[in-house]
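Quick note: the sequence shown uses the working numbering, first residue 3, plus one each step.
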Amino acid sequence: MDQIFNLIELEEKRQEETLMMIPSENYTYPEVMKAVGSCLMQKYAEGYPKRRYYQGNEVVDEVEDLCRNRALEAFGLDGEKYHANVQPHSGCEANLGVYNTILNPGDKILAMYLPDGGHLSHGWKWKEEKTTFVSKVFETEFYRVNPKTNLFDYDEIEKLAMEYKPKLIISGGTAYAREIDYKRMREIAKKVGAYYLADVSHEAGLIAAGVCRSPFEFADFVSMTTHKTLRGPRGAMVICKKELGHQLDMAIMPGLQGGPHMHSIAGIAVALEKTKSEEFKEYARQTVRNAKKLAEVLMEKGYEVVSGGTDKHLVLLDLRKKDGAAFDKSTSSRGWFVAWALEYAGIIMNRNTVPNDSGSPFYPSGLRMGTPAITTRGMKEGEMEKIGNWLDEIVQIVGKRELPEDAEVRKAYLAQFKEEMRLNKRIGEIGEEVRELCKKFPVG
Ligand code: DSN
């Protein structure tokens, strides 16, 4: 057997035996796997249904049409007023497709500051260093969360928008756990004559289920990935007002991409159909209940949950602070240390920046965790309590760790830390308890 299949088996085992708690990950449906692994991947279909550049597209035309219709139905949108493009290969390309629809090089974008929870594809740059292609092509500026509440400060966003005069304002990102006031964002955009893009990649499934607010009435464009709370395959979509639909299509193909991945589009269509069921709606509700419970358990233990809670599927912890008091310098970069220690116990979360982080993006102070995948397995509030307790124990085992500044000393120190965690008796025991818990909630 090709070694790749041994690796796939190992990965299946890893996904079965660990707690997948990275908020952007999920387990998809067997039917989605079947569609994505089908002969549809062998078809080239540049263009759009009934307007293809190659022959032999009569079947895939139907697949794409079904997917586009289901995309609108999933969010309760009228096909007379809205348009869906399901071809972007990823979330980054969905956003590039929007920029390519309405912006010219040099135009201005105003988006959320990445370390506060924004996304790279919104044009991130670090000071004057143009880190992303988007920041090289467009002028980009960022709004931050309120330093006291860690919430969107709409008055400040408005002030910045008035000064900066962007052509596009973006909301959404990767680590903002609170609802966004889409109406207010729309008003700000309107006031300065900007378009408004709501990137709902993280919460798309929650919006489809009616658990989170819907941005469609207010945004000119809504972009999303399909593999997070939507539980579909890797992929993305953009939905816009009908009058911008043709421009959007042209901006994505031929403007940005070649052939669409018809197998992924079929998988997205399967997942979208599932969002209509009561089972999916209950799944979305439980995902949020679980995240709220986890936040509550951690706050009761004195942890600093950024923004004081969550409205969604994710929780962001600022590990520098506990019991209201800021820890000293030795707790910056704690996200790195805790995430590794958790991994040795089979709890997979990710280190993350937090607002006003004193660490760096690679060694940040925060920890991001999400409930979509473990809720797909059937876990509920009781399990969240267990996870909160394990997390607390592990943070205490890690203790305070100062990141050495010298690169060589740091390398040796981090390797030694990992070994210490790997061999830690209690972390080993927690790993065993995690495996037992996972057995009770089989995948699929
Ligand atoms: N990588 C995704 C996340 O983890 O949120 C966003 O692209």
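By construction, the Cβ of each residue, glycine as well, lies at the ideal position given by its N, Cα and C atoms. Nothing here was measured: the structure is a model prediction, and the numbers come from that model.
The alpha helix (DSSP H) enclosing residue i, as first and last residue numbers
i	result
residue 24	Unbroken run through residue 24: none, as it is neither H nor E.
residue 248	247-254
residue 386	383-400
residue 288	280-302
residue 439	427-442
residue 276	264-276
residue 208	206-210
residue 71	60-76
Rounded separation between residue i and residue j - CA only
i	j	result
residue 69	residue 238	12 Å
residue 206	residue 123	17 Å
residue 71	residue 52	15 Å
residue 370	residue 57	47 Å
residue 377	residue 277	15 Å
residue 129	residue 137	11 Å
residue 109	residue 218	24 Å
residue 261	residue 311	42 Å
residue 126	residue 5	38 Å
residue 25	residue 8	27 Å
residue 37	residue 167	45 Å
residue 434	residue 31	27 Å
residue 286	residue 211	6 Å
residue 141	residue 33	43 Å
residue 245	residue 67	18 Å
residue 314	residue 215	10 Å
residue 368	residue 253	37 Å
residue 397	residue 355	17 Å
residue 248	residue 87	10 Å
residue 78	residue 446	28 Å
Secondary structure of residue i, DSSP reduced to three states
i	result
residue 339	helix
residue 53	strand
residue 232	coil
residue 322	strand
residue 131	strand
residue 85	strand
residue 201	strand
residue 194	coil
residue 169	coil
residue 147	strand
residue 372	strand
residue 111	strand
residue 142	strand
residue 37	helix
residue 364	coil
residue 98	helix
residue 42	helix
residue 445	coil
residue 7	helix
residue 405	coil
residue 104	helix
residue 177	coil
residue 163	helix
residue 316	strand
residue 417	helix
Endpoints, the beta strand (DSSP E) within which residue i is located
i	result
residue 306	305-307
residue 227	223-227
residue 243	238-243
residue 354	352-354
Handout entry: Residues near the ligand DSN, criterion Cβ-heavy atom distance below 5 Å
Key = 26 and 176
Problem - Contact between the region 337-357 and the region 265-276 (3+ Cβ pairs under 8 Å) - result: no
Problem - Three-pair Cβ contact test at 8 Å for the region 381-399 versus the region 293-302 - result: yes
Problem - At least three beta-carbon pairs within less than 8 Å, the region 167-176 to the region 191-206 - result: yes
Exercise for the section: Mind the definition here: the region 219-239 touches the region 92-101 only if three or more C-beta pairs lie below 8 Å; say whether that holds. Expected result: yes
Practice task
Count the CB pairs spanning the region 426-445 and the region 14-22 that are closer than 8 Å, and state whether there are at least three.
Solution key: yes
Exercise for the section: Taking 8 Å as the threshold, find out whether the region 327-341 comes into contact with the region 403-414 through three or more Cβ pairs. Expected result: yes
Exercise for the section: Count the C-beta pairs between the region 100-111 and the region 238-254 that are closer than 8 Å, then say yes if the count reaches three, no if not. Expected result: yes
Exercise for the section: Count the CB pairs spanning the region 129-146 and the region 299-316 that are closer than 8 Å, and state whether there are at least three. Expected result: no
Handout entry: the region 111-119 touching the region 145-153, judged by at least three CB pairs closer than 8 Å
Key = yes
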